[in-house]
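Numbering (the working numbering), first residue to last: 4 to 338.
Next up, the structure:
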């Protein structure tokens, strides 16, 4: 039983100088390491701009493809990478330098996050416009390039935090249910992209999940949508799930219980991402978890990890700190 964060944290001004951003990122790292000593994660500060967001962060790992930033968002190019892609890579490298400096005493698991292939395909454009999602060959090529980049990223993180017991890679797929349900808008905004059928969706995830496993890390998949496809994620080889209890439908309970019984990790979102009118106590959070486990017929175990409901980028700094304190204290109650 432990606690961690989903990934993003508040802070980071896209108009601030690099020195100010560096100081703010170091503060985020110290906060995560201080509040989540048993299972820290690499913080993300998407407020610093496109290169620090979920899509830009993942593209920073992709060296096989040329990428550029357009007014409409990230786009693949037919040639080399643009200046914004290079800046995203540089920013990730500096963030890892800061994390390495402060995390030398970490001996437990360490978690990093990466945007998954389907959310990436739904947010990145082809060279001539429209989403990568619209082209079978382009989405396969992007998924394969991402898998190669993440494998190198795992090796880099392991080198930087050599005493970590394991590296956990959280694959973020917030758009996957929309991809499966044909709800991703086309570039014109008047139509929707055709549905991706489960076998193809699973295959792309298997490519990334397999690369993570082959690199010696533990792949888990995060989706905080109400229609999270639990069985598809587990079938693709994920060795853990990250879900938000507040929106998790009862139809997913059996799959979640099966994951815990199989010894897989369950990162369970149990604290609001934005400050509520009345904040829960750590004991109330623990009691909520116990009620959920009771419905599943399970007891608290080592595979259960408490988290905020989702990323904390939109939270106030005070609530972000309190949210991490709550999940850590609640996990100690449940021990």
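No residue lacks a Cβ here, since even glycine has one placed at the ideal position from N, Cα and C.
None of the values given here were measured: they were computed from a predicted structure.
Start and end residues, alpha helix (DSSP H) containing residue i
{"i": "residue 286", "result": "285 to 299"}
{"i": "residue 266", "result": "Premise fails: residue 266 is in no alpha helix (DSSP H) and is neither H nor E."}
{"i": "residue 233", "result": "233 to 238"}
Inter-residue CB distance, residue i and residue j (contact presumed, cutoff 8 Å)
{"i": "residue 268", "j": "residue 300", "result": "Residue 268 to residue 300, Cβ: 19 Å. No contact."}
{"i": "residue 323", "j": "residue 12", "result": "6 Å"}
{"i": "residue 70", "j": "residue 77", "result": "6 Å"}
{"i": "residue 226", "j": "residue 250", "result": "Residue 226 to residue 250, Cβ: 10 Å. No contact."}
{"i": "residue 319", "j": "residue 282", "result": "About 12 Å separates the two Cβ atoms, so there is no contact after all."}
{"i": "residue 157", "j": "residue 172", "result": "6 Å"}
{"i": "residue 243", "j": "residue 167", "result": "The Cβ separation is near 16 Å, so there is no contact."}
{"i": "residue 258", "j": "residue 292", "result": "Contact doesn't hold; Cβ gap of about 18 Å is too wide."}
{"i": "residue 214", "j": "residue 154", "result": "5 Å"}
{"i": "residue 270", "j": "residue 253", "result": "Not confirmed; about 19 Å, so no contact."}
Cut-off 8 Å between Cβ atoms - residues of its own chain near residue i, not counting five sequence neighbours on either side
{"i": "residue 191", "result": "none"}
{"i": "residue 241", "result": "174, 208, 212, 222, 223, 224, 267"}
{"i": "residue 304", "result": "4, 263"}
{"i": "residue 105", "result": "29, 32, 33, 36"}
{"i": "residue 101", "result": "25, 28, 29, 32"}
{"i": "residue 133", "result": "189, 190"}
{"i": "residue 144", "result": "68"}
{"i": "residue 94", "result": "51, 54, 55, 63"}
{"i": "residue 261", "result": "237"}
{"i": "residue 82", "result": "69"}
Proximal residues to residue i (C-beta, below 7 Å), its chain only, five neighbours per side dropped
{"i": "residue 238", "result": "205"}
{"i": "residue 152", "result": "64, 65, 66"}
{"i": "residue 388", "result": "Limits of the chain in this structure are 4 at one end and 338 at the other, which puts residue 388 out of reach."}
{"i": "residue 312", "result": "227, 247, 249, 272, 274, 275, 276"}
{"i": "residue 75", "result": "128"}
{"i": "residue 331", "result": "6, 38, 39"}
{"i": "residue 195", "result": "185, 186, 187, 188, 189"}
{"i": "residue 103", "result": "163, 164"}
{"i": "residue 336", "result": "285, 286, 289"}
{"i": "residue 302", "result": "296"}
Own chain residues within Cβ distance below 6 Å of residue i, not counting five before or after
{"i": "residue 333", "result": "285, 288, 289, 309"}
{"i": "residue 49", "result": "11, 55, 56, 316"}
{"i": "residue 47", "result": "10, 11"}
{"i": "residue 161", "result": "170"}
{"i": "residue 84", "result": "69, 70"}
{"i": "residue 314", "result": "9, 10, 11"}
{"i": "residue 220", "result": "157, 170, 172"}
Residue i, enclosing beta strand (DSSP E) - first and last residue
{"i": "residue 308", "result": "307 to 311"}
{"i": "residue 329", "result": "Per DSSP, residue 329 belongs to no beta strand (DSSP E); it is in the alpha helix (DSSP H), 320 to 337."}
{"i": "residue 244", "result": "243 to 247"}
Of the residues the options, the one placed nearest residue i, counting alpha carbons only
{"i": "residue 181", "options": "295, 199, 88", "result": "199"}
{"i": "residue 45", "options": "8, 246, 277, 25", "result": "8"}
{"i": "residue 187", "options": "147, 125, 14, 94", "result": "125"}
{"i": "residue 109", "options": "62, 97, 163, 73", "result": "163"}
{"i": "residue 272", "options": "236, 297, 229", "result": "229"}
{"i": "residue 150", "options": "233, 210, 336", "result": "210"}
{"i": "residue 128", "options": "73, 292, 327, 214", "result": "73"}
{"i": "residue 115", "options": "100, 155, 106, 170", "result": "170"}
{"i": "residue 60", "options": "293, 42, 89", "result": "89"}
{"i": "residue 122", "options": "219, 154, 146", "result": "146"}
{"i": "residue 120", "options": "91, 236, 27", "result": "236"}
{"i": "residue 256", "options": "218, 295, 220, 140", "result": "295"}
{"i": "residue 327", "options": "25, 26, 41", "result": "41"}
{"i": "residue 183", "options": "201, 177, 176, 321", "result": "201"}
{"i": "residue 117", "options": "144, 62, 197, 217", "result": "62"}
{"i": "residue 52", "options": "15, 43, 82", "result": "15"}
{"i": "residue 178", "options": "193, 137, 231", "result": "231"}
{"i": "residue 137", "options": "280, 98, 197, 203", "result": "197"}
{"i": "residue 2", "options": "159, 260, 298", "result": "Lying outside 4 to 338, the shown extent of the chain, residue 2 is not represented and no answer is given."}
{"i": "residue 43", "options": "142, 94, 113", "result": "113"}
{"i": "residue 139", "options": "203, 329, 325, 107", "result": "203"}
CB contact below 8 Å: residue i versus chain D
{"i": "residue 324", "result": "Looking at the structure shown, chain D is missing, and only one protein chain is on hand."}
Of all the beta strand (DSSP E) runs that stay within the bounds of the segment 162 to 231, which reach a length of 3 or more residues? 169 to 175, 221 to 225
Give the list of continuous alpha helix (DSSP H) stretches no shorter than 4 residues that lie fully inside the segment 81 to 167. Listed in chain order, the complete alpha helix (DSSP H) runs (minimum 4 residues) inside the segment 81 to 167 are 86 to 105, 120 to 126, 139 to 163.
At 3 residues or longer, and completely inside the segment 4 to 79: list those beta strand (DSSP E) runs for me, N to C. 70 to 73, 76 to 79
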